[in-house]
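Engineer: Have a look at this one before I ask anything.
Protein chains: 2
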Amino acid sequence: MFQPLDPLLHSELRLAVVSLLISVEEAEFPYIKEQTGATAGNLSVQLDKLSTAGYINVEKTFKGKKPCTLCRMTDKGRKAFEAYVEALKSYLNVT
Amino acid sequence: MFQPLDPLLHSELRLAVVSLLISVEEAEFPYIKEQTGATAGNLSVQLDKLSTAGYINVEKTFKGKKPCTLCRMTDKGRKAFEAYVEALKSYLNVT
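Those protein sequences? They're chains E and B, same order as listed.
Taking this note's numbering, the leading residue of the first sequence gets 1, the next gets one more, and so forth.
Taking this note's numbering, the leading residue of the second sequence gets 1, the next gets one more, and so forth.
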């Protein structure tokens, strides 16, 4: 009856990150930090987890001489998010 | 932008329990166990947490001589679930 929920996405901060990234082409670390209200340390850890899972792509680059971390969703991440939303419906479609 | 998710409900098994209970008047332990696929031990722990939070009511009673554990949602639990679903929409309403 209940479909399993991807533990990588069923986490408040990781879900917020994916929710942000899914609606944009790419986003920089400070923007994600500001939008999610996460600490830099925690956000780094969660981005690493999503990146290791292949759900997002993290590119370390430079803006002039300033380091810049760019994140974007992968196709795998998009599919995982869609599957997560579908699975979640089995828990929420009640009255 | 993102609303906080009630950690009591943002847990796969507790969410399944609440999702079940919200659509019925009451449910017995074995039925919840079967529907969620949880182990008896884990289910007991999660029911306790929901009960301590005042989200569900757990009544230990008897069916003849057989012990029977009856669970039902409280008004507080229903409101918490509604708030959780609303908060969740801030993460899912994207495309």
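In this text, a Cβ means the ideal position worked out from N, Cα and C, and glycines have one as well.
DSSP puts B/ILE56 in a beta bridge; with which residues?
Structural biologist: Translated into the one-based positions of the second sequence, residue 56 of chain B becomes position 56. Answer by DSSP bridge pairing, in chain order: B/MET73.
Engineer: Can you name, in chain order, every residue of its own chain whose Cβ lies under 8 angstroms from the Cβ of E/ALA83, other than the five neighbours on each side?
Structural biologist: Within the first sequence, the letter at position 83 stands for residue 83 of chain E. Same-chain partners within the cutoff: ASP6.
Engineer: Does the CB of E/GLU12 have a neighbour CB from chain B at under 9 angstroms?
Structural biologist: On the first sequence, residue 12 of chain E is found 12 positions in, with the first residue counted as 1. E/GLU12 counts as touching chain B.
Engineer: Is E/VAL58 close to chain B, meaning its C-beta is less than 9 angstroms from at least one C-beta of that chain?
Structural biologist: Locating residue 58 of chain E in the first sequence gives position 58, counting from the first residue. E/VAL58 does not count as touching chain B.
Engineer: Looking at chain E, which residues of the region 29-52 of chain B have a Cβ within less than 9 angstroms of any of its Cβ atoms?
Structural biologist: So the list reads GLN35, THR36 and GLY37, given in the order they occur along the chain.
Engineer: Just tell me which of E/LYS65, E/SER23 and E/ALA40 has its CA closest to the CA of E/ARG78.
Structural biologist: Position 78 of the first sequence, counted from the start, is the residue given in the question as residue 78 of chain E. The shortest Cα separation from E/ARG78 among E/LYS65, E/SER23 and E/ALA40 belongs to E/SER23.
Engineer: Less than 9 angstroms between the beta carbons of E/THR36 and B/PHE62, yes or no?
Structural biologist: As a position in the first sequence, residue 36 of chain E is number 36, starting the count at 1. As a position in the second sequence, residue 62 of chain B is number 62, starting the count at 1. No.
Engineer: Using a C-beta to C-beta distance shorter than 9 angstroms, which residues of chain E count as neighbours of B/LEU8?
Structural biologist: Along the second sequence, read from residue 1 onward, the residue named residue 8 of chain B stands at position 8. Per Cβ cutoff of 9 angstroms: no residues; B/LEU8 is ~13 angstroms from chain E at best.
Engineer: B/GLN3 lies in the alpha helix (DSSP H); which residues open and close that run?
Structural biologist: To locate residue 3 of chain B, count along the second sequence from 1; it is residue 3. Unbroken run through B/GLN3: none, as it is neither H nor E.
Engineer: If we define contact as Cβ-Cβ less than 9 angstroms, is E/MET73 a contact residue for chain B?
Structural biologist: In the first sequence, the residue the question calls residue 73 of chain E occupies position 73. No - not a single Cβ of chain B is within 9 angstroms of the one on E/MET73.
Engineer: Is DSSP giving B/THR61 helix, strand or coil here?
Structural biologist: Position 61 of the second sequence, counted from the first residue, corresponds to residue 61 of chain B. Of the three classes helix, strand and coil, the one that applies to B/THR61 here is strand, per DSSP.
Engineer: Along the region 79-92 of chain B, what residues have a CB closer than 7 angstroms to any CB found in chain E?
Structural biologist: Cβ contacts with chain E: VAL85, TYR91 and LEU92.
Engineer: Quick check: is the beta carbon of B/ALA27 nearer than 9 angstroms to any beta carbon in chain E?
Structural biologist: Looking up residue 27 of chain B in the second sequence gives position 27. Chain E, which has no Cβ nearer than 9 angstroms to the Cβ of B/ALA27, makes this no.
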